[in-house]
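When you read off a place in the sequence shown, starting at 1, and then add 1366, the result is the number in our numbering.
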Amino acid sequence: LRFCLQYQIGGAFPFHYTDCSQLRPESVQDIVAIQWALTHWNQNPENAAAKIGLFAGDTCSRPKEAISQSLRFLDSIGYHEPDECVSLSDRQNISKLLGLIMPKDDKSSRALSTLLNSAQLPIVAYSSASANALLEMNINNVITTAPTLTIFTEAFVKLMANLRSNLITVVINDRRSAAVKRVIEQIRSHNIFISDIISINKPGFLRELSESDSQIILSLIDKQEMTSLAKMWIAITVDGDGLSSEEQLKVLHKGSRVQVISLQSRQKDLPQFRQYFLRVLKNNYQSYSLLASYMQQNCAELTRDDMNSIHTQASTVESAVRMTYALSAVGAKLHSIPSSEIICDRPSPKCTEMIVKELERLDYKFGPNDPQELIGERLQFYRNSDNHLVASGITIEGIELINDEKMGPMVYKVIEYETGRYPRLVTNNFRQSRLRSVCAPYRSFCGRCEHITRVNPKRYFLSIPKQYPLYLMALFNFHEAPDCNTFKNYDISLPMAFVHTIWTFRQRFPQLNLLRNLEFGALLVDACSSSKKAIEIIVQSENQCFAFEQSDRNITVVPGSVFGYISGLHGTQHEALSGFFATGDVPLIALDSDRKSTIDEFSTMPSAKYQALALLKLLKKLKWEFISVVLSEQDSVSLASFRHFERIAADRGVCLAEVINMSGEHLPDLSASSSTNATVLFTTADDAAMYFAARFKRESSVAHAHVVVGDAHDFHLRDPSNVAKFVGTVSLQPKDVLYTDFRQWLEMTTPLTLPEDWYWKHVEHRWQCALSEESKDIYGGKMCTGEELLDIENLGRMTKSGYLSRGIEKLLFAMDSVYKKLCPEQNGMCVEFFNHGRKQILNALKKVHTEDEFEIYEFLPDAEGTFSYQVIGNWSIKTGLRFDNIYKKIVSRCIPPLCSCFADKDFFTSPMQMAISSSGDMDAFAGSYIRREPTSGTDKKVQYESVCFPHLTTGNWRKHSWNYVFLVLNSVFLFGSLSVLALVCMKLYLRVVKGNQSLGISLLIGIIMLYVTAYFFIFDPTDLVCRARVTMHSLGYTLCFGVMIAKATQLRNAETLGFSSTVHISYWNYWLLLFFVIGVQIALSVHWLAEQYMSTLILNGYDMQMACTFGDQEFLLSQTYVVVLLTLALFVNSRNRNIKRNYKETKWLFLSSLVCLLLWMLWMGAYLTVPVLFKDVVVILELMACATVLLAFLFGPKIYILLSYEPVVVEYQGPNSNSKDLVYENGLFEKGILVLV
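(1) By the DSSP assignment, the alpha helix (DSSP H) with Gly2366 in it spans what residues?
(2) For the pair the region 1851-1868 and the region 1906-1914, tell me if three or more CB-CB distances fall below 8 Å.
(3) What are the residues that DSSP puts in a beta bridge with Asp1731?
(4) Please name the residue in Tyr1931, Arg1542, Gly2076 and Thr1938 whose C-alpha comes closest to that of Leu1997.
(5) Going by other Cβ atoms of all chains shown within 10 Å of its Cβ, with 16 needed for buried, is Tyr2235 buried or exposed?
(6) Quick one: residues in its chain with C-beta nearer than 6 Å to the C-beta of Ile1868, no 5 flanking neighbours on either side, listed in chain order?
(7) Phe2011 and Ala2054: beta carbons closer than 8 Å?
(8) Assuming Leu2556 contacts Ser2518 under a Cβ cut-off of 8 Å, what Cβ separation, rounded to an integer in Å, is found between them?
(9) Assuming Phe2058 contacts Phe2225 (C-beta within less than 8 Å), just tell me the rounded distance between them.
(10) Any idea which residues DSSP pairs Asp1424 with across the strands?
(11) Would you list the residues sitting across from Leu2417 in a DSSP beta bridge?
(12) Does the beta-carbon distance from Asn1750 to Thr1516 come in below 8 Å?
(13) Any contact of the region 2104-2117 with the region 2168-2180, i.e. 3+ C-beta pairs under 8 Å?
(14) Thinking Leu1767 and Val1777 are a contact (beta carbons under 8 Å), I'd like their distance in whole angstroms, please.
(15) For the 8 Å Cβ check, are there 3 or more pairs between the region 1893-1907 and the region 1843-1862?
(16) Any idea if Thr2049 is buried or exposed, counting beta-carbon neighbours within 10 angstroms, 16 or more meaning buried?
(17) Near Cys2135, which residues of its chain fall below 7 Å by C-beta distance, leaving aside the five closest residues on each side in sequence?
(18) Using a Cβ-Cβ cutoff of less than 8 Å, which residues in the same chain neighbour Ser1561 once the five nearest sequence positions on both sides are dropped?
(19) By how many angstroms is the C-alpha of Asn1735 removed from the C-alpha of Asn1410?
(20) Which value, in whole angstroms, describes the spacing of the CA atoms of Ala2348 and Phe2008?
(21) Taking a contact to mean a Cβ-Cβ separation below 8 Å, would you say Glu2482 touches Met2530 in this structure?
(22) With Met2550 and Leu2333 assumed to form a contact (beta carbons below 8 Å), what rounded beta-carbon distance in angstroms separates them?
(23) Using the three-state DSSP reduction, which class does Thr1922 fall into: helix, strand or coil?
(24) Between the Cα of Trp2124 and the Cα atoms of Tyr1788, Thr1922, Asn1855 and Ser2368, which residue gives the shortest distance?
(25) How is Met2460 classed by DSSP in three states: helix, strand or coil?
(26) Given this structure, state the Cα-to-Cα distance separating Phe2385 from Cys2392, to the nearest angstrom.
(27) With the cut-off set at 8 Å, would you say Leu1657 and Leu1644 are in Cβ contact?
(28) Mind checking which residues open and close the beta strand (DSSP E) that includes Pro2227?
(29) Since I believe Ile1558 is in contact with Val1523 (beta carbons under 8 Å), could you give me their beta-carbon distance rounded to a whole number of angstroms?
(30) Who are the Cβ neighbours of Val2543 in its own chain at under 7 Å, not counting the five residues just before and after it?
(31) Could you give the residue range of the alpha helix (DSSP H) that holds Cys1850?
(32) Could you have a look at Arg1749 and say whether DSSP puts it in helix, strand or coil?
(33) Could you work out which residue in Ala2414, Tyr2377, Arg2418 and Thr2388 is closest to Ser2400 when comparing CA atoms only?
(34) Return yes when the Cβ of Ser1474 is within less than 8 Å of the Cβ of Met1503, no when it is not.
(35) Can you give the Cα-Cα distance for Pro1704 and Gly1377, rounded to whole angstroms?
(36) Please report the distance separating the alpha-carbon of Ser2285 from that of Met2398.
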């Protein structure tokens, strides 16, 4: 088709399919629509000087033909002719080019674009497919009236903002990768995150979609049926075609839970065009072959009315009409510019530039001579982000398709986006059930990982590999440094305990519903036996995103997503690692028996300090006070245990005769006879076995006892040949907390049941066979069967594994508690839990108490003739040492002068602290008073009964006669004060004494407390007695002096107010003052109550005695607050001494304060100067003296008046008396009564 006028537009159109016989109806509609628009334009009298012609060539949907037809069009307007070959007359006869129309299909547009890269021509597209192709081919000077992918993406961004979501999954179809990449970049530039990009052709497509974090799926594929996932699909078709009404309802099948939003271009319905098209088709089909083919293919034997009813407008008709009008309007504009006649007489870059600029400035308003449906609308263009000229007014609609429970499939319009320099957005209210998809901060794709570090996948092992929201990271030494390729013979039970605990945690406590819906990964990391690598692992996980590949999955860990670290390391490597955990951000679960309060490390292993104490109690109990020690000097755990033991051994009366160092295979000379009858082994199992083997070779006939500590417990497994000679060996071990099902699981585990790389490597090294093709060459082609089992017997007691498991459980319990608090709905990881969970878990762990319990074993034969350990006792800080029976009669004591361990010790200046929490712990020093009961089974503690307060009957206080005198005197004074209290209470009951007497009774209670405190200085000190000495001494005085201050304030107020009956000061004011005074003292005393040790044992000659750990200066400093109160009481009472109220009570308050201050100055000076033996005597005298002064001065006169002049006091009712010796009715006291204080 060709219509040549002053201006020309044209191009190639795919009228037929590739067979060039079957017609494409939508293309016929497009060309007729262009002709219809040109007809309106050319018939408009206002456009008579700028009529537009059209060239349309059929491509048969073939790219080659598209190129050919386009070149024909360009040749028809003289584009290919050299300027010098075109005459002036020819120039005047040739139509001027306004725009080259691109084919509407993608392939033809791409093929033609390859020729237009260097051509400076105005390129026009009226279909989305063509516009997208031009964009991908980077063609310049593109004008489009159809929406591009960029426009659809802009609408999608607006939709996401309205959904309050920022996380999507993108579904592609492996085609148009450049277009998809551009869309993804545009989406990410608007801070929308992409969790996954999944190809619809990928195996497991639906599974990956269901596991995706995103609840919104962006579909960049052609029109097709959606799946039934409970997520929201947002569809942008690459070719720009939207879903028709029939297709919209076909998307949702019955019962589907998927929500679909289709972003599609809205086309204006043009009824006049339909009538014109059908009229042209009916009247002219015999004259034009194209129309004849259309009639024959689509409308045979149909009347015009039938054709009108079934006619469907093509999706590109409106775009084609707007394109035609835009080019025509530009042609009219150029015609009005004289210079354009010269510039645009032939196609040229300058002419193209002029056309593009005019289009950019175009503001055409459809008038009455234009299509009726467009009257009043404006035609404008703007330059979008792709630098293309895009028609304003292109409307993108978001059509939502859902399955309503009652109504079935429903269609809603949720968004309307209109292009332009200032885009217009219209949204409808979203339903409440609409899904949201928010990117969580623990995901690597949510903007937290600008740079991702790839780590060695042979060092990182994720149990059940997949992406998790949070992780627990455990560090073990699978290999040795420096190359980390040498396999290390490590304790396989530790990583097995880590994995087993996490796997079985929920099942072990099913009734607690722990960590519901919260997934977390168990990440094992090889520290390569290097402190540097261990620290690098922690620093990297806390500060960088790192990724590794496992089982064809890419695992990325975000900083802050590791909620706990578990250390299976020891020695210097663990010490270096633990130093990092001092920031208070994340907990470390370790196997360290040296607990440090300055770092965030938590260990359930019993304390090495208490282990040393338990060992000393055992040695003292068995009278093994002179011992030898065997030490593995290369084992850090053994060295740490020995350091604690050595530090307190001499102070506890145990002498170390010699220390034998074991260093690997080097065996010291054991030929000389030992000077002791008992040996304690702080060694590894291998070193202990070597020592015993060398020892037994001498076949010594002297009875000798051995105690093994720590890993030395399993020495018999290293040398089974001498097992009978080990009988009688005693072992002190932490309580056995290993779960029975864990040992059973170890016995059944094979490479087939635990297909994890770190475990397979262990099996391969243990059995010297390969489990994978990768390892086949290493073991000479020998393959494992997959049924290989662990050597459980050789693993021994697995003490560390049991406590590691318990530590992980405590971490998981703390995690569950915080998770339920921060995520009450328990629907999985919430942002609040991720942001604040680690800190709160850390705080929760700090409140967890660790039990320090130990079991005592003896290596004995059983009824079947085999040998094993049997429990003979236990020890804990609460119960002390408990024994089943007395061990063999072997004694090893340090007897001077043969042993000089204690000759140079000064136990008074350097007392050693010792925890004695109950009288049961004194058995090692004061003789056994425990009633022994036989044990029944290894899991049950031996229970005993003990005598209360043995120091009352057998204490050292009885050696000094003055203690009996003090005991009698103090008891007399205490009885006197109690009698005064009883008298006052009786008089109050009989209403002889009336009014509020609470202050007086409080002072009397304080005096009684002083007398009671004196008893604690008479009897021998214990931990409880020492705490009572330092706290009750100051608390009793605080109560007394506090009441004196409150009473002085009360009397001063009474004197100031006089006889006023209108001003009233409540008694609560004085009580609040007293409460504050006492509260301060209680706060100061908490320090002494919280002190871990308040007593110790000292050696006095050959006797062990208890002593308080606080020094003289500490005791006096603890009384500073009391001195301040006493001074204040003296000052206040000195100001009130002339007040004669209440029988001149202020005089007695002043005298009491003055005498007490003098007594305090005397006793504090004496306390610092007298020998240690008489310090308690000074305190006893001070307590009885001050208490007696207060009782005599403050209660003596009142008791005298109460007993001698009771009728006068009680019966006097003179309301008008002016005597100041009487009590006035002023709200403070009652008339005619005696106020005791």
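Idealized CB from N, CA, C, for every residue including glycine.
On the basis of the coordinates in this document:
(1) Here residue 2366 corresponds to residue number 1000 of the sequence shown, with the count starting at 1. Per DSSP, Gly2366 belongs to the alpha helix (DSSP H) from Ser2364 to Ile2384.
(2) no
(3) The residue labelled residue 1731 in the question sits at position 365 within the sequence shown. Looking at the sequence itself, residue 1731 is Lys, so the reference to Asp does not match. DSSP lists Arg1744 as partners of Lys1731.
(4) As a position in the sequence shown, residue 1997 is number 631, starting the count at 1. Nearest of Tyr1931, Arg1542, Gly2076 and Thr1938 to Leu1997, Cα basis: Gly2076.
(5) Stepping through the sequence shown from its first residue, residue 2235 is reached at position 869. Under this definition Tyr2235 is a buried residue.
(6) Reading the sequence shown from its first residue, position 502 is the one you call residue 1868. Once the five neighbours on either side are set aside, the close Cβ partners of Ile1868 are Ala1888.
(7) Here residue 2011 refers to the residue found at position 645 of the sequence shown. Here residue 2054 refers to the residue found at position 688 of the sequence shown. No, the pair does not count as a contact, with Cβ atoms beyond the cut-off.
(8) Taking the sequence shown and counting its residues from 1, the one referred to as residue 2556 is at position 1190. Taking the sequence shown and counting its residues from 1, the one referred to as residue 2518 is at position 1152. That pair is a contact at about 6 Å.
(9) Counting from one through the sequence shown, the residue named residue 2058 turns up at place 692. Counting from one through the sequence shown, the residue named residue 2225 turns up at place 859. Actually they are not in contact, since the Cβ atoms of Phe2058 and Phe2225 sit about 11 Å apart, beyond 8 Å.
(10) Looking up residue 1424 in the sequence shown gives position 58. DSSP output for Asp1424 lists Phe1379 as bridge partner(s).
(11) Here residue 2417 refers to the residue found at position 1051 when the sequence shown is read from its first residue. The partner list for Leu2417 (beta bridge, DSSP) is empty, contrary to what the question assumes.
(12) Sequence index remark: in the sequence shown, residue 1750 carries index 384 (1-based). Sequence index remark: in the sequence shown, residue 1516 carries index 150 (1-based). Yes, these two residues count as a Cβ contact at 8 Å.
(13) yes
(14) Start at 1 with the first residue of the sequence shown, and residue 1767 comes out as number 401. Start at 1 with the first residue of the sequence shown, and residue 1777 comes out as number 411. Contact holds; Cβ gap of about 6 Å.
(15) A contact exists between the region 1893-1907 and the region 1843-1862.
(16) Within the sequence shown, the letter at position 683 stands for residue 2049. Flag for Thr2049 reads buried.
(17) For the purposes of this step, residue 2135 is taken as residue 769 along the sequence shown, with counting starting at 1. Cβ within range, chain order: Tyr2145, Lys2148, Met2149 and Cys2150.
(18) Position 195 of the sequence shown holds residue 1561. Excluding its 5 nearest sequence neighbours in each direction, Ser1561 has C-beta neighbours in its own chain below 8 Å: Leu1533, Ile1534, Thr1535, Ser1578, Asp1579, Ser1580, Cys1805, Arg1809 and Phe1811, listed in chain order.
(19) Indexing the sequence shown from 1 puts residue 1410 at position 44. Indexing the sequence shown from 1 puts residue 1735 at position 369. Whole-angstrom Cα-Cα distance: 6 Å.
(20) Here residue 2348 refers to the residue found at position 982 when the sequence shown is read from its first residue. Here residue 2008 refers to the residue found at position 642 when the sequence shown is read from its first residue. Their backbone Cα atoms lie some 59 Å apart in a straight line.
(21) Residue 2482 sits at position 1116 when you count from the first residue of the sequence shown. Residue 2530 sits at position 1164 when you count from the first residue of the sequence shown. The sequence shown places Leu at residue 2482, not Glu. Yes, they are a contact pair.
(22) Looking up residue 2550 in the sequence shown gives position 1184. Looking up residue 2333 in the sequence shown gives position 967. The pair is not a contact, with the Cβ atoms about 11 Å apart (cut-off 8 Å).
(23) Within the sequence shown, numbered from 1, the residue matching residue 1922 stands at position 556. Three-state DSSP puts Thr1922 in a strand.
(24) Locating residue 2124 in the sequence shown gives position 758, counting from the first residue. Of the candidates Tyr1788, Thr1922, Asn1855 and Ser2368, the one whose C-alpha sits nearest the C-alpha of Trp2124 is Asn1855.
(25) Taking the first residue of the sequence shown as 1, we reach residue 2460 at position 1094. Met2460: coil per DSSP, three-state reduction.
(26) Locating residue 2385 in the sequence shown gives position 1019, where the first residue counts as 1. Locating residue 2392 in the sequence shown gives position 1026, where the first residue counts as 1. About 11 Å.
(27) Numbered from 1 along the sequence shown, position 291 holds the residue referred to as residue 1657. Numbered from 1 along the sequence shown, position 278 holds the residue referred to as residue 1644. Cβ atoms of Leu1657 and Leu1644: not closer than 8 Å.
(28) One-based indexing of the sequence shown puts residue 2227 at position 861. Going by DSSP, Pro2227 is part of the beta strand (DSSP E) stretching over Glu2219 to Pro2227.
(29) Position 157 of the sequence shown, counted from the first residue, corresponds to residue 1523. Position 192 of the sequence shown, counted from the first residue, corresponds to residue 1558. Right, the Cβ-Cβ distance comes to about 7 Å (below 8 Å), so this counts as a contact.
(30) Position 1177 of the sequence shown, counting from 1, holds the residue named residue 2543. Cβ within range, chain order: Trp2328.
(31) For this step, residue 1850 is matched to residue 484 along the sequence shown. Neither: Cys1850 is in no alpha helix (DSSP H) and is coded neither H nor E.
(32) Position 383 of the sequence shown, counted from the first residue, corresponds to residue 1749. It is a strand residue.
(33) The residue labelled residue 2400 in the question sits at position 1034 within the sequence shown. Nearest of Ala2414, Tyr2377, Arg2418 and Thr2388 to Ser2400, Cα basis: Tyr2377.
(34) For the purposes of this step, residue 1503 is taken as residue 137 along the sequence shown, with counting starting at 1. For the purposes of this step, residue 1474 is taken as residue 108 along the sequence shown, with counting starting at 1. No, Cβ-Cβ distance for Met1503 and Ser1474 is not below 8 Å.
(35) Residue mapping note: residue 1704 aligns to position 338 of the sequence shown, counting from 1. Residue mapping note: residue 1377 aligns to position 11 of the sequence shown, counting from 1. The straight-line gap from Cα to Cα measures roughly 27 Å.
(36) Reading the sequence shown from its first residue, position 919 is the one you call residue 2285. Reading the sequence shown from its first residue, position 1032 is the one you call residue 2398. For Ser2285, the predicted model reports a pLDDT of 34, less than 50, meaning its position is unreliable; a value from the coordinates is still stated below. Using only the alpha carbons, I get a separation of about 22 Å.
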